[in-house]
Structure formats: C-alpha cells, structure tokens
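Protein chains in written order, with my numbering: chain A, 11 to 453; chain B, 425 to 903.
A virtual CB, placed ideally from N, CA and C, is assigned to each residue, including glycine.
Okay, so here's the structure we're looking at.
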C-alpha cells in the first residue's frame, strides 16, 4: 500500500464493509505480523457476505490477503512477498446446526476447537481433532492447515470427518461443498481441496463435522525401549494385532522432557491410549504384557496427551532458535527416516526431539542447538536441505517453524509434491489473481 | 475426422481386437444398472496407461466425447456414453499391480473387481473395506469415479477414505500422479478431489488403496420389528447409546418377503421391518456392544433379536441383503433405485413420507437401506412398457429427494449424481456453488470432452470456459 492517501481510501472502504470497530490500521498491527511482515490493515468481517466484499475489493486493487484465525500457525509457510490485509475469521462463531442425535455439528470458522469440544461434550459427544493450543486454534485454521494430533490414529484425519464446508473463493465467490449428513457424494468434494490448502484457495467461513460418542473411559499404556528400532518393532506388533487403540504415539528420549509424566532418561517411549470397558482394557493389558512399564489415567493422562498435541509450540517456546518439521510417510519409512533425522541433527550439532503418530505415518521433529559447540543459521539451512535429499519416495515434508535468522533461506514445502501442475490449475480456478496468502504455499 | 476414421485410430492405439464398432456389439454398452440408454459410436479396451493417454489425446483433438466404463453396475448413468461417443472400457486393465503388506496398501488397475482384491489379500488377513452390493462385479475404477459406499461405510467410510493415491490421464492426454502410499501429503489433496468426480476430471489408470486388517470378531444380529416406525426409532436409539455398528441396515416388510421368496435368507415373513446389525472389532468390545444392541432393540419394542451363530448363518443374512435387487427383478419388470440421505434423526419421518408418496403415485416402493448413516434406497417399482408409469416413478423419486434436501440431507450418498440427478443439483446447491465446481471441471476438462452432460444441471453445459490465467507467476510456470 503505497501512499497515505490510498491507505486512507482503503481504510474507509473496509470500514464501510465491516464497520469501523472491525478495521485496524498499521502501526498497531506490528504484533500481528506474518513472519516479520506487518499487514497494513486488519479486518474482522462478521459474515461471509462481508468477506465477499473485502475480497472483491482486494481483487480489484491487487491487495494480498492473509486469512487468520487463532494465530497458532502463522509462523509456518514461506516468507510472504507482500501482506496488505489480515482477514480475521474470529467473529464467525455461529452454530449452523446441531442435533446430538445426528452426531453432527455445523459451526463458524472462528469458533475455537476448545469451544467446539466443550459444547458437544455436554451431550457425551466428542470432536476428534486434537490440535496444538485448542483454546486458540480455530475451526477454520484447523481445516486450512490440515494439521492434526494424536487422535489421528484412531479417528482418522479431517478428510475423514469433515462433511461440509462453506467458503469464499479467492475471486470472491461464496460457495459450499458437501452438506450436513454423514454420507454424501453429491458434487465435487470441496472439503478435500480446502483441508490443508493453507488459505490459498478460499476463506473458510463454516464447516460441518461428524462427531463421535465420547469414550466412557480411557487408559494410556506407556512402554519404554532402548532404541528406536525396538520401539518400531513394538509398533508393528500393535498394528498387526487385533487391538484398536485411539492413539499410538512415539516419543523420543529428548522429547520426553516436553511431556509431563513420561520421566527422563535415554529411553524411547510408545504411548498407547485405549478406550473401552474394564474387560477391553484388561485385554490390552494381557496382549501388551510386560512391554508396558506404566499406566496413566485421569488428570495425568489428559495432561500427557495435551502436551503431545502441544509439542510444536512447546519446543518453540523453550527453544526460540529451533526448527520444527512435520512429515507424512508410509509406515515402512518411519525407521529409515528416524535414522536419517538422527544423522542430520548430529552432523549439524543440533539436538533432535521427535514425536509421531507412528501407526498412521506422521512424524514431528524438532531441532535446536546442542549444549556444546557453535550453531549458525547455516546449520539449520543445511540440515533441512540434507534431510530433503535423504527423504524416501512418498515422504512429504513441511517446515512448520524455523529460526528467524534462517527464514529467508529456507523453503517451507518440499520435495515438490506429485501433481503440482494440477494443483496450479486448481489455484487458478479459485484464486486467479493469487490474492490469498501469496508466496506462502507451494507456488 | 469421421467415426470410421476415429475407429481406425483407436485400433492402431489399442490393437485391432480391442475396438468394437458393430451395432450389435455396441448395444451391450448402451446402458448401465440405471434406467437411461444411449448408444456409443465405439468401445475401446486399452491395456496400458499409455494407450489411455493416446486415446484421450485423439478424442480431444477430434473432439469426440469419451466416457470411462468399468462393469457398468452404476445406478446414476455415470458410465453412459453420449450418442456416438467413445467408451473407454477398463476391463482389460484388471491387474493387481502390487500388494504392499508392510504399508497396508495395494496398487491396482481400474478394471480390478472390488471383491477380487479382498479375496486376493485374504490370506494375509487383510481386506479392502468399501463393499457396494455389486462388489462381485463392480470395478475399483468405478468405485473411485462414483465414490462408492456399501453397508460397512457406516464405520469405515466411502471409497475416498480408502484411496491414498491415483494415476490419472487428463483429457489432454497428460499422465499425472496424485498422492502416493502415505495417508496424507502436503499440497492440495488432489486424490481426495479426484475420487467422486464421476469421470469428469480424468480417467484413473492406477489406484493406491488402503488394506485393512480383518477384525478379530464379527457379530451379526437381526432385530425383528412389528412396524417400520419401531425399527426406525431403534436406529436413532442405537446411535444415542454411543454404539457405532460396522453396518446397520433396514429392510421393510414388503422387501424382506420378496427377498425371502427368492433366496430363503431366513427372514421372518410376518415382520413389519428388520434391522440387520453388524458389529466388529476386538472380541471383548464386540460382545459388549452386541449385548447393548440387543437391549436397545428390545426396549424399542423388537419382537425378537436373533444372532448369527455360525459364519454360514451370517453369510445367509447378508446374502438376502445383497441380492435384494435380483429378488425385485422377479416381481417387477422395472424398478428405480434412489439414493437419498437424511440426518439420522429424520429416518422415521422420511419413511412416513415415502409411504405417502407411494400412495399418491400408486406405485409400490420398497425400502432396503443403510439406516445407520441415513442413506435411503427406496425402490420404486413400475413397468417401463407403460410411459405413464415411468413418468410417475420419476416424479415420485424427485418428490422423495426434494424431501431429503429440505430435511438437510442430500440427493446421493454413494451412487453419484451422473445423468439422472444432475438437474436436482440446482436444488441442493446454489448457482454460485455450482459455478465454483464447474470452474474446477473446466480447469481440467474445459472442452467437456470427458463424460459431458453429467453431474451438473444441463443448461450449464453451454457456458463459456472461465477466463485465462491472470497471475504472471502462474502463467510463467507453465499454466
């Protein structure tokens, strides 16, 4: 936004659309920066129609818009080339439909995951997503980033239980996909495109989800192993057994310190969370046998799993100069990837901590400077590129968090995903002027 | 290029014996399991991805419409050709390319029959979860196109929940790969978008699917009720009790008597309705849930709850369910199957509505459906030799689907929109919702060469293609 007079004109346009109290101008926006770049305006529309008006205006004037929810993942992605308008979805919190008997809910994108979870918990229902920082993470942000927590193992991902979505495309068309019933194949599956699109195709205004009956009781069985290989062997045993846990999480020795109740020491842990009656839990006990060193329940169990969900923000808080990488991969690649991570971290003088949903193929790895020796931004940059070169086929990787000094030399996404040309075609169809999150995603 | 020339090119691409163009052969390819018909100009049987690519390149250059066809068991007209168009039949692309036990994946060609895959990996303790009633015949390519379901989708989801990667030939002839063996990957979920696009985006030539571990224990129960209403209330009560069965099917009295006369599944002849309920998983959990389901049924006025004691008894109960359509073929010259969905709490109300529609149009309507997820399959019986009966059947069907939409539901849960429900899309979706979807179709299939006149309401087909690329970066990178 070049001059003061155009800035004033833009501000008055946004005020006319959203109401004066929902428009904020620089310089108050410095704290809401996107990877160091402060937006010129922040708008908080109260409806999808207001978003249409904002985006129409942005298209006409070529303004870059960054959608925002609870600001829990805005440190991710590539450095944006330009940020003009921060578009907050936090006023979109209406419940569209909720009948506990249907086990579905439709809710505004600005509602937080914690609010949604507590609303349905009152009816003994359960929203399966367990992202980091649920008190801040919004439904819209959850879908846009497509990130997930340990429940991914037993309940599937967002693509499995998001059944409908309403959104405004980059070129300001208000649209929807899916609906509010649990089984529905009418029309293109817009949910799939928007989940994990990092706000580059459209701004999600509300979504419908399948809910689950809340488990009556759960128990966490913690097992400890001398090496990653032994832990993975145990994972294989569980995956090929009749057991059906809701979470199956690997925790590396350095990651144990980030989760309360796991203790310290050099062991690799696998935390297995089961739901069911006393008889079902007894069956787990007998199947797992002596591999289990301890059982956790109640408050301790709740805190342990929240800490595992919060792994990424906890690392960045404790180690400001840290790297957090998220990887999805086939089950058979977990062990070689763990070996590769260890080698890369060691050769660049970085401490490595890893957690992961090893039963479905998702790992989070954090690296920060080791206690001894010198670490420069180049260590992080080289560690990332070396890791990329080592990745087996079918492994996908994203840098979620990166030290500020290394940021401008690091690409957040890569290796290049299969079907990139088709992804570009989709982007062009929905956001032809590339106004949404320009430069932050794949292209 | 005229049709004989196109046929000549097709023979060069796929082989002389891989193309049909005689009228008597083409007649076999003019219908699917729905009620529409249209005769193609040629049928080609490619054996490789490269051949599919050459066929698409040829068709786009002519241009001549193309439709991919598996076993044509679909009920929505998805595999019906345009008159004189090309049918790409996948029946010679029927190889299981890879079974990867460690990663619990299989890679298959589109013409592999659904049940064959499960049989092929059965000795490994694995199976492919989507189980349409036509699973003995339908192909996985067709399942991908229509995003097919089946009874067990209640717990396990439809086809899209079981596909992690797909190799696709685009209308331009370009071969692209979406996803892979990982459950998810960064970037747009093109696999998820492609599944269920009803053959309007590209033709799948290889599909990576999840294989699930067979459950340790399966319990199959038959709840017998005096009335449809009691059975319908029980469906809600089971869900409210926090039980998620693997399958929860309902058959009304008329339908189960018709089936019983045909295949002797052991259904009670004097019942108002039955629920076929299956639970699977860990032994202890299944036993508890089976007991809980029995209690709920009895509380909801079930006359009796039977449980299959042997695998043979279980198979017999399912045989009745899965051969229902064959049974109906014996009592009516024609029938029309619908696929509406309602929120689960609306099942009793929608069944009462269907009863009224049946009276209003003076047609028998049987109900056999996936009650657990609210996916109805009203079977409207008529005689196609009498045009007024067909017309009444279509009206009755529309009235039922409109009721579903008004109740917050959908016009299709697993059969797809195809030809038959395309005009109802504008009741379910707004003009702009459809406009967004069409802009996506045009991004891949802008000339509408691939499966034209499907999925979207007819008048829209003449719309112009959306404008050219405006972002210089995207243009530069080859778009």
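Would the stretch 285-302 of chain A and the stretch 333-346 of chain A be scored as touching if the rule is three or more Cβ pairs under 8 Å?
-> Note that the stretch 285-302 of chain A does not touch the stretch 333-346 of chain A; fewer than 3 beta-carbon pairs, one per stretch, sit closer than 8 Å.
Among A/200, A/188, A/184 and A/207, the one whose alpha carbon lies nearest that of residue 609 of chain B | If you number the second chain from 1, residue 609 of chain B lands on position 185. Minimum Cα distance to residue 609 of chain B is reached at A/207.
Out of curiosity, what's the CA-to-CA distance linking residue 213 of chain A and residue 77 of chain A?
-> The residue you call residue 213 of chain A lines up with position 203 of the first chain. The residue you call residue 77 of chain A lines up with position 67 of the first chain. So the alpha carbons of these two residues sit roughly 7 Å apart.
With 8 Å set as the bound, which would you pick, yes or no: does the beta-carbon of residue 631 of chain B sit closer than that to a beta-carbon of chain A?
-> Taking the first residue of the second chain as position 1, residue 631 of chain B is located at position 207. No, because no Cβ of chain A sits closer than 8 Å to the Cβ of residue 631 of chain B.
Quick one: is residue 453 of chain A buried, meaning 16 or more other Cβ sit within 10 Å of its Cβ, or exposed?
-> For the purposes of this step, residue 453 of chain A is taken as the residue at position 443 of the first chain. Classification of residue 453 of chain A: buried, given that the 10 Å Cβ count is 16 or more.
Pull out every residue of the stretch 226-251 of chain A whose Cβ sits closer than 9 Å to any Cβ of chain B, in chain order.
-> Residues are counted here when their Cβ sits less than 9 Å from a Cβ of chain B; for the stretch 226-251 of chain A these are 226, 246, 249, 250 and 251, given in chain order.
Short Cβ contact (8 Å threshold) for residue 529 of chain B with residue 638 of chain B | Within the second chain, the letter at position 105 stands for residue 529 of chain B. Within the second chain, the letter at position 214 stands for residue 638 of chain B. At least 8 Å separates the beta-carbon of residue 529 of chain B from that of residue 638 of chain B.
Partners in chain B for residue 303 of chain A, counting only beta-carbon separations shorter than 9 Å = Within the first chain, residue 303 of chain A is the residue found at index 293, counting from 1. Those do not exist, as residue 303 of chain A stays about 23 Å from chain B at its closest Cβ, beyond 9 Å.
Every unbroken alpha helix (DSSP H) within the stretch 266-328 of chain A, with a cutoff of 4 residues, ordered by chain | Within the stretch 266-328 of chain A, the complete alpha helix (DSSP H) runs of at least 4 residues are 288-298, 308-319 and 321-328.
State yes or no: is the C-beta of residue 196 of chain A within less than 8 Å of the C-beta of residue 485 of chain B?
-> Counting from one through the first chain, the residue named residue 196 of chain A turns up at place 186. Counting from one through the second chain, the residue named residue 485 of chain B turns up at place 61. Cβ atoms of residue 196 of chain A and residue 485 of chain B: not closer than 8 Å.
Within the chosen definition, does the stretch 700-720 of chain B reach the stretch 667-674 of chain B through at least 3 CB pairs nearer than 8 Å?
-> A contact exists between the stretch 700-720 of chain B and the stretch 667-674 of chain B.
List the residues of chain B that residue 114 of chain A touches, going by C-beta distances under 8 Å, in chain order.
-> By one-based count along the first chain, residue 114 of chain A stands at place 104. Within chain B, the residues placing a beta-carbon under 8 Å from that of residue 114 of chain A are 767, ordered along the chain.
Cross-chain neighbours of residue 428 of chain A in chain E, by beta carbon under 7 Å = Of the protein chains in the structure, A and B, none is chain E.
Note down, in chain order, every chain B residue with its Cβ under 9 Å from the Cβ of residue 215 of chain A.
-> For the purposes of this step, residue 215 of chain A is identified with residue 205 of the first chain, where counting begins at 1. Within chain B, no residue comes near residue 215 of chain A; the closest Cβ sits about 13 Å away, beyond 9 Å.
Kindly list, in the order they appear in chain A, the residues whose Cβ is closer than 7 Å to that of residue 597 of chain B.
-> Taking the first residue of the second chain as position 1, residue 597 of chain B is located at position 173. Neighbours of residue 597 of chain B in chain A, taken as residues whose beta carbon is under 7 Å from its own, are absent, since the nearest beta carbon is some 14 Å off.
So is residue 814 of chain B in contact with chain A if we call contact Cβ pairs under 8 Å?
-> The residue labelled residue 814 of chain B in the question sits at position 390 within the second chain. Not a single CB atom of chain A sits nearer than 8 Å to the CB of residue 814 of chain B.
Looking at residue 791 of chain B and residue 775 of chain B, is the spacing between their C-beta atoms short of 8 Å?
-> Translated into positions along the second chain, residue 775 of chain B becomes position 351. Translated into positions along the second chain, residue 791 of chain B becomes position 367. A distance below 8 Å separates the beta carbons of residue 775 of chain B and residue 791 of chain B.
Contact between the stretch 686-701 of chain B and the stretch 811-820 of chain B: three or more CB pairs below 8 Å?
-> No, they do not touch.
C-alpha distance - residue 303 of chain A paired with residue 231 of chain A, whole-angstrom precision | Indexing the first chain from 1 puts residue 303 of chain A at position 293. Indexing the first chain from 1 puts residue 231 of chain A at position 221. Just so you know, the alpha carbons of residue 303 of chain A and residue 231 of chain A end up roughly 8 Å apart.
Beta-ladder partner(s) of residue 599 of chain B, from DSSP = Position 175 of the second chain, counted from the start, is the residue given in the question as residue 599 of chain B. As DSSP reads the structure, residue 599 of chain B sits in a beta bridge with B/593.
Which word fits residue 901 of chain B, buried or exposed, when buried means at least 16 other C-beta atoms lie within 10 angstroms of its C-beta?
-> Here residue 901 of chain B is taken as the residue at index 477 of the second chain, counted from 1. For residue 901 of chain B, the predicted model reports a pLDDT of 36, less than 50, meaning its position is unreliable; a value from the coordinates is still stated below. Under this definition residue 901 of chain B is an exposed residue.
State the Cα-Cα distance for the pair residue 831 of chain B and residue 171 of chain A, rounded to the nearest angstrom.
-> If you number the second chain from 1, residue 831 of chain B lands on position 407. If you number the first chain from 1, residue 171 of chain A lands on position 161. Taken atom to atom, the span from the alpha-carbon of residue 831 of chain B to that of residue 171 of chain A is near 21 Å.
Residue from B/794, B/802 and B/767 with nearest C-alpha to residue 778 of chain B = Translated into the one-based positions of the second chain, residue 778 of chain B becomes position 354. Minimum Cα distance to residue 778 of chain B is reached at B/802.
Hey, is the stretch 318-336 of chain A in contact with the stretch 368-382 of chain A, meaning 3+ C-beta pairs nearer than 8 Å?
-> Yes, the stretch 318-336 of chain A touches the stretch 368-382 of chain A.
As assigned by DSSP and simplified to three states, the class of residue 3 of chain A | There is simply no residue 3 of chain A to check, as chain A begins at 11 and stops at 453 in what is shown.
Can you give the Cα-Cα distance for residue 150 of chain A and residue 490 of chain B, rounded to whole angstroms?
-> By 1-based counting over the first chain, the position of residue 150 of chain A is 140. By 1-based counting over the second chain, the position of residue 490 of chain B is 66. Cα to Cα, residue 150 of chain A sits roughly 39 Å from residue 490 of chain B.
Could you check where the alpha helix (DSSP H) with residue 772 of chain B kicks off and where it finishes?
-> The residue you call residue 772 of chain B lines up with position 348 of the second chain. DSSP places residue 772 of chain B inside the alpha helix (DSSP H), whose first and last residues are 771-785.
Mind listing the chain A neighbours of residue 617 of chain B? Cutoff is C-beta to C-beta under 7 Å, in chain order.
-> For the purposes of this step, residue 617 of chain B is taken as residue 193 along the second chain, with counting starting at 1. Simply 198, 199, 202 and 203.
Work out the CA separation of residue 223 of chain A and residue 769 of chain B for me, nearest whole Å.
-> In the second chain, the residue the question calls residue 769 of chain B occupies position 345. In the first chain, the residue the question calls residue 223 of chain A occupies position 213. Their Cα atoms are separated by approximately 15 Å.
Which first and last residues belong to the alpha helix (DSSP H) in which residue 70 of chain A is found?
-> For this step, residue 70 of chain A is matched to residue 60 along the first chain. Element bounds for residue 70 of chain A: 58-71.
With a cut-off of 8 Å on the beta carbons, I'd call residue 534 of chain B and residue 555 of chain B a contact; round off their distance for me.
-> Along the second chain, read from residue 1 onward, the residue named residue 534 of chain B stands at position 110. Along the second chain, read from residue 1 onward, the residue named residue 555 of chain B stands at position 131. Contact between residue 534 of chain B and residue 555 of chain B does not hold, since their C-beta atoms are separated by about 18 Å, which reaches or exceeds 8 Å.
Leaving out the 5 sequence neighbours to the left and right, which residues in its chain are closer than 7 Å to residue 509 of chain B when beta-carbon positions are compared?
-> What you label residue 509 of chain B is simply residue 85 of the second chain in a count that begins at 1. Hits under 7 Å: 464, 465, 488, 489, 490 and 491.
How big is the Cα-Cα spacing for residue 784 of chain B and residue 581 of chain B?
-> Working through the second chain from its first residue, we reach residue 784 of chain B at position 360. Working through the second chain from its first residue, we reach residue 581 of chain B at position 157. Straight across, the Cα-Cα distance linking residue 784 of chain B with residue 581 of chain B is about 35 Å.
One or two residues paired with residue 742 of chain B in a DSSP bridge = As a first step, residue 742 of chain B must be located in the second chain, where it is residue number 318. Residue 742 of chain B pairs with nothing; no bridge assigned.
Express the C-alpha separation of residue 653 of chain B and residue 780 of chain B in angstroms, rounding to a whole number.
-> As a working mapping, residue 780 of chain B is identified with position 356 in the second chain. As a working mapping, residue 653 of chain B is identified with position 229 in the second chain. Roughly 14 Å separates the two Cα atoms.
Could you check how far apart the C-beta atoms of residue 538 of chain B and residue 564 of chain B are, in whole angstroms? I think they sit under 8 Å.
-> For the purposes of this step, residue 538 of chain B is identified with residue 114 of the second chain, where counting begins at 1. For the purposes of this step, residue 564 of chain B is identified with residue 140 of the second chain, where counting begins at 1. Yes, they are in contact, since the Cβ atoms of residue 538 of chain B and residue 564 of chain B sit about 6 Å apart, within 8 Å.
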